[in-house]
Every structure is written in C-alpha cells, then in structure tokens.
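Per numbering that gives the first Met the number 0, the very first residue in the sequence shown carries number 0; after that it's consecutive.
A virtual CB, placed ideally from N, CA and C, is assigned to each residue, including glycine.
Step one of this worksheet: look at the structure below.
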Amino acid sequence: MKGRTSSCHSAGFTLVEVLVSMAIVGILVASLAGVFERSSKLYTTQNAAAALQQEVRAALDAMASEVRMATYDPRKTKKFVIKKNSATEFSFLTDWDEDGVLGRPGDNSAYTDNGECEARSIRFSLNSESVQFRCGDGTPYVKDSETLIGETDHLKVTALDFSYRDKDNNSTSQRKEIRSVVITIRAQAPAGRAGMIERTYSTIVDIRNTGPNA
0 MKGRTSSCHS
10 AGFTLVEVLV
20 SMAIVGILVA
30 SLAGVFERSS
40 KLYTTQNAAA
50 ALQQEVRAAL
60 DAMASEVRMA
70 TYDPRKTKKF
80 VIKKNSATEF
90 SFLTDWDEDG
100 VLGRPGDNSA
110 YTDNGECEAR
120 SIRFSLNSES
130 VQFRCGDGTP
140 YVKDSETLIG
150 ETDHLKVTAL
160 DFSYRDKDNN
170 STSQRKEIRS
180 VVITIRAQAP
190 AGRAGMIERT
200 YSTIVDIRNT
210 GPNA
C-alpha cells in the first residue's frame with residue numbers, strides 16, 4: 000500500500016509579509032500626517048491673515064474718517080489747518096461743531112461737547128509698535144492719546160507711512176498744497192507654526208476741505 004502524501008500549507012502571514020505590510024502602513028501614516036500638518040499650517044496662516052486684514056482695515060477706515068474732514072472750517076476762520084505732515088505723523092485741526100472755536104478753551108480741552116476731537120494727531124509709536132490717536136494741540140489744550148491698533152501680543156504695527164499729494168496727484172510736502180493723503184500700514188501677527196506673518200495695506204484719502212481753505 001502506497002503511503003498518501005498530503006501537502007500542508009501554514010495559515011497566516013510570513014514574517015516578511017508582516018514586515019512589508021508594516022512598512023507600507025508606516026509610509027501611508029507618515030504621508031497623511033504630513034498632509035494634515037501642511038493643511039493645518041495653511042489653515043492657521045489663512046485665518047491669521049484674514050484676522051490681521053480685518054483689524055488693519057478697521058484702523059484704516061477710522062483714520063480715513065478723521066483725515067477726510069481735516070481743516071474743515073465752515074466759518075472761514077483760517078484757524079483750522081494742517082499742523083504737521085511728516086512720514087510718521089499727521090496732525091490737523093477740524094471744526095466739528097462748526098462754532099469757529101477749537102474745542103472748549105475754558106476747559107483746556109480740544110474736544111467738543113459731543114466728544115469729537117478738533118485737534119487730531121495720528122502717529123506711529125515705534126516703542127509700542129502701534130498707531131496712536133492723539134487729541135490736543137499743546138498749551139492750553141491738554142494732550143491725551145489712545146491706541147488705535149497694535150501694542151498687543153497678537154498684533155504689532157511695524158510701520159506707518161503718510162505721503163501727501165497735491166491737486167495734480169503729485170507728491171508734495173507743502174501743507175497748503177495737500178489735497179490727499181496716502182496711508183500705509185505694515186503689521187505683523189502670529190500664525191502658529193508658521194511664525195509671524197506680515198502684511199501691508201494702503202488707502203488714499205481725499206481731504207474735502209483743503210482746496211477752499213488753502
């Protein structure tokens with residue numbers, strides 16, 4: 000009687016197959032982790048950039064609102080004029096309450112009864128990395144200031160620049176020739192692992208009242 004030969008195949012995977020599978024899984028996991036990290040970094044950067052843009056635009060709008068009314072002098076007193084026009088500071092007077100008088104002289108205040116500042120300075124503070132709104136034109140008007148944007152851990156202003164143009168849109172430094180102001184802000188904000196991001200924003204503001212008062 001011939002003996003029967005039976006072939007026996009072991010169930011499961013060999014060690015080599017297991018190692019190859021583990022290597023493939025490791026590569027896939029590493030690839031997915033890299034994709035996730037890049038996506039997360041991009042998402043954080045985009046969010047930080049959007050928030051930075053929103054805050055800077057709001058600050059530019061606030062500055063534009065003040066600058067647009069610079070030298071407003073409905074009574075033609077010739078007292079409400081541009082006081083300073085440097086690259087980092089713009090100072091001017093505005094007769095908001097149309098009474099021909101700067102602020103409330105009896106109270107040594109440059110504010111109107113409605114709280115509007117008639118002696119405004121917009122300036123860059125390098126020490127605090129911020130843009131400052133200052134009210135007051137010196138003696139006898141007491142100066143006070145507030146931070147418009149910057150001076151926080153999540154947003155720093157690295158530059159504020161004013162440039163001035165005449166009626167022909169040419170650059171000018173002569174106060175009586177100024178018809179518009181270009182305001183440029185450069186600011187930084189943290190964006191997680193991407194570190195600090197920096198953006199620059201500009202706007203041009205036409206001054207409504209410089210022509211008649213020049």
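### Message
Mapping the DSSP letters down to three states, classify LEU59 as helix, strand or coil.
### Response
helix
### Task
Below 6 Å CB to CB, which residues in the same chain sit around ARG185 once its five sequence neighbours on both sides are set aside?
THR157, ALA158, THR199
### Message
Going by beta-carbon coordinates alone, are VAL130 and LEU147 separated by less than 7 Å?
### Response
With contacts defined as CB atoms closer than 7 Å, VAL130 and LEU147 qualify as a contacting pair.
### Message
Could you check whether VAL66 and VAL180 sit closer than 7 Å to each other, using their CB atoms as the reference points?
### Response
yes
### Message
Between LEU59 and THR202, how many whole angstroms is the CB-CB distance? I'm expecting something under 8 Å.
### Response
5 Å
### Task
Below 8 Å on the Cβ atoms is my guess for ARG207 versus MET68; work out the distance and round it to an integer in Å.
7 Å
### Query
Would you call the segment 16-30 and the segment 163-177 touching, i.e. three or more CB-CB distances under 8 Å?
At 8 Å Cβ cutoff, the stretches do not touch.
### Message
Cutting at 7 Å between CB atoms, please list the residues of its own chain near ILE81, excluding the five before and the five after it.
### Response
ALA69, THR70, PHE91, ARG174, ILE177
### Task
Leaving aside the five residues before and after ALA109 along the sequence, list all residues of the same chain whose C-beta is less than 7 Å from its C-beta, in chain order.
The residues are LEU101, GLY102, CYS116, GLU117, ALA118, CYS134, GLY135, ASP136, TYR140.
### Task
Using alpha carbons as the reference points, say which of VAL204, ALA193, ASP205, GLN187 lies closest to LEU51.
GLN187
### Inter-residue Cα distance where the pair is PHE132 and THR43
31 Å
### Query
Looking at ALA48 and ILE196, is the spacing between their C-beta atoms short of 7 Å?
yes
### Query
At which residues does the beta strand (DSSP E) containing ASN107 begin and terminate?
Here ASN107 belongs to no beta strand (DSSP E), and DSSP marks it neither H nor E.
### Message
I'd like the span of the beta strand (DSSP E) that includes LYS83, first residue to last.
### Response
Here the beta strand (DSSP E) through LYS83 covers 81-84.
### Task
For TYR163, write down the residues that DSSP places opposite it in a beta bridge.
VAL180
### Task
Please classify GLN131: does DSSP put it in a helix, a strand, or coil?
strand
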